[in-house]
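Data block below; observations after.
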Amino acid sequence: MASDEELVGQLEQVWASMAALADVLDEEEWRLPTECPGWSVQDHLVHITGIEWMLLGRPAPEYELAAYPEHVKNDVGRANERFVDSRRSWAGPEALAEFLEVTADRLTQLRTFTADDFGASSWTPVGPGTVRDLLPFRVFDSWVHEQDMRRAVGRPGDLQGPVAEVALERLVGAMPFVVGKKVAPPDGTTVVFSRTAPLAGTTALAVAGGRARALDRAPADPTVQILLDGETFARLACGRLDPAATIASGAVHFHGDAQLGRRVVEEMNFLF
């Protein structure tokens, strides 16, 4: 488990990577669409600014939308959309300047925190927790949106190292929920995700008592083995790809029970 200081360092790293990417974009690239419906490259950077703005305790912009996208289901989502839309008239460099200012202030704040501050109560995406609980989610969220930006402009990066490892841990950690609760196959089912680079690795799960749990090693003959590259794994888990189209493209292969494998891939999105 990463220390508080390591988590703050990972935030600094991913935000620096986002800033370096954004710094070389032209205005056309800022406006390019991404795999998030309705969101441009600029919108992703602004979204991260908005979350950290809120966590700094700054007042939300006095701004309202007439309607919200279908995927927005709660107050946090509505607040996100309002903040993003309030900056859509800005030029890319303006959005970057605000991102740099807000994230610098957030890092300054976090570096003053004591152990008690990191242990203080905080909102997290999965319910009440502590500031310490929240920080890995902030690393993960920032990395996911950085990858959205990078794919849209054709500049891959940040697919290895500590930040990518934190993100992958979150993605892998969601798969027992996907398999055990969303797909809910019978007890005794084993599912193995075999990922090639980037983000290479193996995740093996077994279902018992109606729940899926991680195995230390993959069984020799799993019910289904799902083979895909790590970036496709991440995009499916984050709802960035259409599962059926991805399977049809040949980006995912199955050994064993292909019908079960397809069901798992169709349910991999755990963010929406």
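Each residue of the sequence shown is one higher than the one before, starting from -4 at the first, in our numbering. Ideal Cβ placement from N, Cα and C applies to all residues, glycine included.
From the DSSP output, in three-state form, read off residue i for me.
i: Ala207; result: strand
i: Arg230; result: helix
i: Trp10; result: helix
i: Arg258; result: helix
i: Gly168; result: helix
i: Gln220; result: strand
i: Val132; result: With the sequence shown as reference, residue 132 is identified as Phe, and Val is not the correct amino acid for it. Helix.
i: Arg73; result: helix
i: His250; result: strand
i: Pro214; result: coil
i: Ser35; result: strand
i: Ser117; result: strand
i: Thr109; result: coil
i: Gly225; result: helix
i: Pro28; result: strand
i: Gly269; result: A question about residue 269 goes unanswered here, because the residues of the chain that appear run from -4 up to 267.
i: Glu141; result: helix
i: Gly52; result: coil
i: Asp21; result: coil
i: Val3; result: helix
i: Leu163; result: helix
i: Asp182; result: coil
i: Pro157; result: helix
i: Phe265; result: coil
If you draw a straight line from the alpha carbon of residue i to that of residue j, how long is it in whole angstroms?
i: Glu7; j: Leu102; result: 7 Å
i: Tyr268; j: Arg73; result: For residue 268 there is no data in the structure shown, the boundaries of the chain being -4 and 267.
i: Arg190; j: Gly196; result: 5 Å
i: Asp136; j: Gly204; result: 32 Å
i: Ala199; j: Glu141; result: 28 Å
i: Gly87; j: Gly234; result: 26 Å
i: Glu22; j: Thr29; result: 15 Å
i: Gly175; j: Ala239; result: 21 Å
i: Phe108; j: Pro217; result: 46 Å
i: Arg206; j: Glu89; result: 48 Å
i: Leu163; j: Leu194; result: 7 Å
i: Ala17; j: Asp182; result: 48 Å
i: Val260; j: Pro32; result: 20 Å
i: Val139; j: Lys177; result: 22 Å
i: Leu51; j: Ser244; result: 43 Å
i: Trp48; j: Pro54; result: 8 Å
i: Pro214; j: Thr185; result: 8 Å
i: Gly4; j: Leu105; result: 10 Å
i: Val247; j: Leu222; result: 6 Å
i: Ala209; j: Phe265; result: 17 Å
i: Val19; j: Ile43; result: 18 Å
i: Gly124; j: Trp118; result: 6 Å
i: Phe94; j: Val41; result: 7 Å
i: Phe228; j: Gly256; result: 13 Å
i: Asp111; j: Ile242; result: 47 Å
i: Thr98; j: Leu130; result: 13 Å
i: Ser84; j: Trp25; result: 12 Å
i: Asp(-1); j: Phe113; result: 7 Å
i: Arg146; j: Ala179; result: 33 Å
i: Leu236; j: Val148; result: 17 Å
Going by other Cβ atoms of all chains shown within 10 Å of its Cβ, with 16 needed for buried, is residue i buried or exposed?
i: His39; result: buried
i: Gly225; result: buried
i: Gln254; result: exposed
i: Asn69; result: exposed
i: Asp143; result: buried
i: Val79; result: buried
i: Val126; result: buried
i: Arg212; result: exposed
i: Leu60; result: exposed
i: Gly45; result: buried
i: Glu57; result: exposed
i: Ala284; result: Beyond the ends of the chain as shown, which are -4 and 267, falls residue 284; an answer cannot be given.
i: Met312; result: Any question about residue 312 goes unanswered here, given that the chain covers just -4 to 267.
In the DSSP output, what is residue i paired with across the bridge?
i: Ala199; result: Val187
i: Ser81; result: Bridge partners of Ser81: none, in fact.
i: Pro88; result: Answer is none; Pro88 lacks a bridge partner.
i: Gly124; result: Ser117
Any chance the CB of residue i is under 6 Å from a heavy atom of the ligand NAD?
i: Asp80; result: As presented, the structure is devoid of all ligands, the ligand NAD included, so that no description of it is given.
>> For the stretch 144 to 156 against the stretch -2 to 18, do three or more pairs of beta-carbon atoms, one drawn from each stretch, fall closer than 8 Å, so that the two count as touching?
In response: In this structure the stretch 144 to 156 touches the stretch -2 to 18; the number of beta carbon pairs closer than 8 Å is three or more.
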